[in-house]
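The structure under discussion appears below in the form of structure tokens.
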Amino acid sequence: MKTDSARRNFLRTGACALGALLMAQKSPAANGPLARRVPKTGEAIPAVGLGTWQVFDVASDANEKAQAREALKVFVELGGRVIDSSPMYGSSESVTGELAAALGVTPRLFVATKVWTSGKQAGIRQMEDSMRKLRVERLDLMQVHNLVDAGTHLATLRDWKKAGRVRYLGVTHYHAGAHGDLEKYIKPGEIDFVQVNYSLAEPEADRRLLAVAADSRTAVIVNRPFAEGAMFRRVKDKPVPDWAKEIGCASWAQFFLKWILGHPSVTCAIPGTRNPKHVADNLAAASGPLPDEAMRRRMSVYFESL
Ligand SMILES: NC(=O)c1ccc[n+]([C@@H]2O[C@H](COP(=O)([O-])OP(=O)(O)OC[C@H]3O[C@@H](n4cnc5c(N)ncnc54)[C@H](OP(=O)(O)O)[C@@H]3O)[C@@H](O)[C@H]2O)c1
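Numbers 2 to 307, taken from the numbering used here, label the letters of the sequence shown in order.
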């Protein structure tokens, strides 16, 4: 009798544990994705966000817009918050604003966009336009896109920050050729965020820029984490190596993102997609173990060998 009851208890406990495990596998971010702190304030933000270049520029296509809606829904349900846009991205800002409002998730998002024009008044007009399109009273992060007229816009943004119109200001670029310029802007320590390309295919930022970001207490957002998708073409038809599964890489996307998040200076990576499955796949990289330095080297050598 006693043995039967003990076995029943064990099976019940085991079933619960298995259920929890399956749920964790289905939704690895059930307890929220790994978060990183913004160095200047200590605010924690999820380490995987969502890029909107091209993929949210879908105002004129109802099917694509429905897909973007589902992607945003899944993103927020799984604990995602950081979403990145730009006036350079066609209808992306207005689509993001419209969908976030329709889903009722605007207050949960950390909304980042950019200014991409020349001249003080043109910059102000564009930034006000972005806030209208994104349907926010105050932006979490406004970045100078590709450093276009950066001195002018940063002066405006310092005033806007004091007035509470933006919470953080930043600078971005997508190319290693501009890392030296980004470094000059962030070194004095007055910029909150630098957004830069960094991946196994484009690793140049870790030569100097990421160290300068750490020294100047600048948060780092990583754009082009998949080199605009080119990295998937390189690994096409090749399985993720078994040793990478030890650190929870269930897909190539997770292999690529975990390598990025393994760098301690990285605050958040923003893969671009409107595919809900890809959103979930990417957010799952922000759970479980991250690679240490030795593992990152192994991942890099392996990727180079492909
Ligand atoms: N200068 C700047 O400030 C600057 C420059 C470049 C980018 N950015 C920002 O950074 C974001 C990301 O960069 P990006 O969009 O150029 O390139 P990316 O994120 O490196 O790559 C996007 C590509 O990866 C694919 N992808 C995403 N998740 C995937 C997954 N789990 N499995 C398989 N494929 C996946 C997407 O395809 P699917 O659509 O099929 O998922 C898309 O083709 C941009 O959206 C933008 O917000 C900023």
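Note that beta-carbon positions come from the ideal geometry of N, C-alpha and C, so glycine has one too.
Since the structure is predicted, the reported quantities are computational estimates derived from the model, not experimental observations.
Worksheet item: What does a CB cutoff of less than 8 Å around residue 179 pick up in its chain, not counting 5 residues either side in sequence?
Response: For residue 179, the CB contacts under 8 Å within the same chain, skipping 5 residues up- and downstream, are 147, 148 in chain order.
Discussion item. For a quick check, are the C-beta atoms of residue 258 and residue 276 less than 8 Å apart?
Written reply: In this structure, residue 276 does not lie closer than 8 Å to residue 258 by Cβ.
Worksheet item: Taking C-alpha atoms, which residue in 95, 126, 124, 121 lies nearest to residue 112?
Response: Residue 112 has its Cα closest to that of 95, out of 95, 126, 124, 121.
Fill in: Nonlocal neighbours in the same chain, by C-beta distance under 6 Å from residue 335, ignoring five residues either side
No information on residue 335 is available, as it lies outside the stretch 2 to 307 that the chain covers here.
Discussion item. Quick test of the definition: if touching needs 3 or more C-beta pairs under 8 Å, does the segment 121-139 touch the segment 152-159?
Written reply: With a cut-off of 8 Å, the segment 152-159 and the segment 121-139 count as touching, because enough Cβ pairs lie within range.
Discussion item. Whole angstroms are fine: how far does the CA of residue 93 sit from the CA of residue 40?
Written reply: Between residue 40 and residue 93, the C-alpha separation is close to 28 Å.
Discussion item. Below 7 Å, is the gap between the Cβ of residue 180 and the nearest heavy atom of ligand 3?
Written reply: Although ligand 3 was asked about, the structure shown includes only ligand 1 as ligands.
Discussion item. Which residue marks the beginning of the beta strand (DSSP E) containing residue 171, and which one marks its end?
Written reply: Residue 171 -> beta strand (DSSP E) spans 167-173.
Worksheet item: Between the segment 165-184 and the segment 243-259, do at least 3 Cβ pairs fall closer than 8 Å?
Response: Between the segment 165-184 and the segment 243-259, the count of Cβ pairs shorter than 8 Å is below three; the stretches do not touch.
Practice prompt. Could you tell me the distance, in whole angstroms, from the CA atom of residue 131 to the CA atom of residue 114?
Written response: Cα-Cα distance, rounded: 8 Å.
Worksheet item: Less than 7 Å between the CB of residue 134 and some heavy atom of ligand 1, yes or no?
Response: No, since every heavy atom of ligand 1 falls outside the 7 Å radius drawn around the Cβ of residue 134.
Practice prompt. Grab me the residues of residue 153's own chain with a C-beta within less than 6 Å of its C-beta, minus the 5 sequence neighbours each way, in chain order.
Written response: Setting aside the 5 residues that flank it on each side, residue 153 is surrounded in the same chain by 121, each with a C-beta closer than 6 Å to its C-beta; the list follows chain order.
Discussion item. Going by DSSP, what residue range makes up the beta strand (DSSP E) through residue 142?
Written reply: From DSSP, the beta strand (DSSP E) with residue 142 extends over 140-145.
Discussion item. Taking only three categories from DSSP, how would you classify residue 271?
Written reply: DSSP, reduced to helix, strand and coil, places residue 271 outside both helices and strands of the structure shown, so it counts as coil.
Fill in: Closest residue to residue 359 among 307, 248, 226, 295 (Cα-Cα distance)
The structure shown does not extend to residue 359, since the chain is modelled only from 2 to 307, so the question has no answer here.
Worksheet item: Between residue 234 and the rest of its own chain, which residues show a CB-CB distance below 7 Å, the 5 nearest in sequence each way excluded?
Response: Cβ neighbours of residue 234 beyond the five flanking positions: none.
Worksheet item: Quick one: is the Cβ of residue 187 within less than 7 Å of any heavy atom of ligand 1?
Response: It does not: the Cβ of residue 187 is nowhere closer than 7 Å to a heavy atom of ligand 1.
Worksheet item: DSSP on residue 130, reduced to helix/strand/coil?
Response: Reduced to three states, the DSSP call for residue 130 is helix.
Item to complete: Taking 8 Å as the cut-off, decide whether the C-beta atoms of residue 203 and residue 228 are in contact.
Response: Yes. Within cutoff.
Practice prompt. Rounded to whole angstroms, what's the CA-CA distance from residue 64 to residue 237? Just pull it up for me.
Written response: Counting only the Cα atoms, residue 237 lies some 27 Å from residue 64.
Worksheet item: Assuming residue 269 and residue 49 make a contact with CB atoms under 8 Å, what is their CB distance in whole Å?
Response: Right, their Cβ atoms sit about 7 Å apart.
Discussion item. Would residue 56 and residue 77 be called neighbours here (beta carbons separated by less than 8 Å)?
Written reply: In this structure, residue 56 keeps its C-beta atom at 8 Å or more from the C-beta atom of residue 77.
Discussion item. Looking at residue 217: is its Cβ nearer than 8 Å to the Cβ of residue 188?
Written reply: Yes; because the gap between Cβ atoms is below 8 Å, this pair is in contact.
Item to complete: Kindly indicate which three-state DSSP category residue 28 falls into: helix, strand or coil?
Response: Confidence at residue 28 is low in this model, with a pLDDT of 39, below 50, so the placement of that residue should be treated as unreliable; the coordinate-derived value is given next. DSSP places residue 28 in coil when its eight states are reduced to three.
Worksheet item: From this set, 34, 62, 267, 52, which residue's C-alpha is nearest residue 210's C-alpha?
Response: The shortest C-alpha separation from residue 210 is found at 267.
Practice prompt. Please name the residue, chosen from 288, 299, 302, 301, that lies closest to residue 81 on a Cα-to-Cα basis.
Written response: Closest option to residue 81, judged by alpha-carbon separation, among 288, 299, 302, 301: 288.
Discussion item. Threshold first: 3 residues or longer. Then list the beta strand (DSSP E) segments lying entirely within the segment 76-107, N to C.
Written reply: Segments of the beta strand (DSSP E) lying fully in the segment 76-107: 83-85.
Worksheet item: Do you know how far the Cα of residue 199 is from the Cα of residue 252?
Response: So the two alpha carbons sit approximately 19 Å from each other.
Worksheet entry | For residue 350, the three-state DSSP class (helix, strand or coil) | Since the first residue of the chain shown is 2 and the last is 307, residue 350 is not available in this structure.
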